[in-house]
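Have a look at the structure below, then the notes.
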Amino acid sequence: MTFPEIVKTTLWDIIDEMSRSLSSFVKNPDKDFIRKRKLDFKKMMHLIISMESGSLNHELLKFFEYDFSVPTGSAFYQQRSKLSVSAFRHLLKEFNLKFPLKKFRGKYYLIACDSSEFNIARNLKDADTFHEPNGKSVSGFNMVHTISLYEVCSKRYLDLEVQPGRLKNEFQAICNLMDRYAYGGSPIFIADRGFSSYNVFAHAIENNVDFLIRAKDLNVQRFLGVGTLPDKLDTTIELILTRTQS
């Protein structure tokens, strides 16, 4: 098999294995995905992962190869609501573990942590994600906040936290991600100034991971216990550059 075929087969094999122990990956283990349906657990996972930018009805038609008995959009929503977020976290973790990460200088995993925001379907009743009309939006919008771990050398996402836009807490998110870190080695968490706090540092130390987190000047003064900082934090070094003759 080619490498892309190996990757795809590996992904599907993990989903097959998950389907044999559903209790950890559904919201109600006693009844979810028990009955035989066209959109069972395996097909739901395959479909969600492979969906593109088309409408739901079009994606369903493509997935079921334009079969006349294709499930309805309503059936898709009902089945999707049974999936637990742990299903996708487990799939991402197990998939990454099948392909070793690259190490920096043979030892370290360089793990960047940063946030993004995504607009979702407008829903006035969802107070946790709805933002009132403002200068940027006449009718208001709904948004979720995500915090991701990205391994720089391997160019791979390792984990993700999703929070309602109005309830975002980046400190809690990075702590959760550190607690769940499952890739071993010697990780170095790299984050911007929005993540600097004593609790984050304590979580990193407790989880035995190194960290490089940028902080605002005022926070640096407080962390270091100093009244003032020098005007410049740059350090002058001497470096000799050479080139080889080929």
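Numbered according to the UniProt record's numbering, the sequence shown spans residues 1 to 246.
Even for Gly, the Cβ is constructed at its ideal location relative to N, Cα and C.
Rounded straight-line distance, which links the Cα of residue j to that of residue i
i    : j    : result
K38  : E94  : 26 angstroms
R214 : H58  : 45 angstroms
S81  : F25  : 12 angstroms
F118 : A87  : 21 angstroms
K36  : Q78  : 14 angstroms
G184 : I48  : 29 angstroms
S84  : I237 : 53 angstroms
K8   : M44  : 16 angstroms
P29  : V209 : 35 angstroms
V144 : Y198 : 26 angstroms
G135 : I120 : 19 angstroms
D16  : S53  : 26 angstroms
M1   : D40  : 28 angstroms
S196 : Y66  : 51 angstroms
D114 : K102 : 20 angstroms
Contacts around residue i, its chain only, beta-carbon distance under 8 angstroms, and the 5 residues preceding and following it disregarded
i    : result
D159 : R89, L92, K93, S148, L149, L177, R180, Y181
S69  : K38
C175 : N199, V200, H203
N123 : T129, F130, N142
Beta-ladder partner(s) of residue i, from DSSP
i    : result
H203 : In DSSP, H203 forms no bridge with anything.
T146 : S116, V162
I237 : None, per the DSSP bridge assignment.
P187 : Y109
R243 : In the DSSP output, where bridge partners are listed per residue, R243 has none listed.
V151 : Reading off the sequence, residue 151 comes out as Glu, not Val. Answer is I111, R156, bridged to E151.
Own chain residues within Cβ distance below 7 angstroms of residue i, not counting five before or after
i    : result
N207 : M178, D179, Y181
D126 : N142
T72  : none
Y14  : The question names Tyr, but residue 14 is Ile in the sequence shown. Result list for I14: L91, E94, F95, in chain order.
Span of the alpha helix (DSSP H) around residue i
i    : result
L97  : 85-97
D16  : 3-19
I174 : 170-180
N- and C-terminal bounds of the beta strand (DSSP E) containing residue i
i    : result
L124 : L124 -> no beta strand (DSSP E), and no H or E assigned at all.
L212 : 210-213
Chain-order list of residues whose beta-carbon lies under 6 angstroms from that of residue i (same chain, five-residue window excluded)
i    : result
R193 : R214, A215, K216
L167 : D128
I111 : L149, E151, P187, F189
Along the chain, which unbroken stretches of the alpha helix (DSSP H) at least 4 residues long are found entirely within the region 38-82?
-> 41-50, 56-63, 73-80
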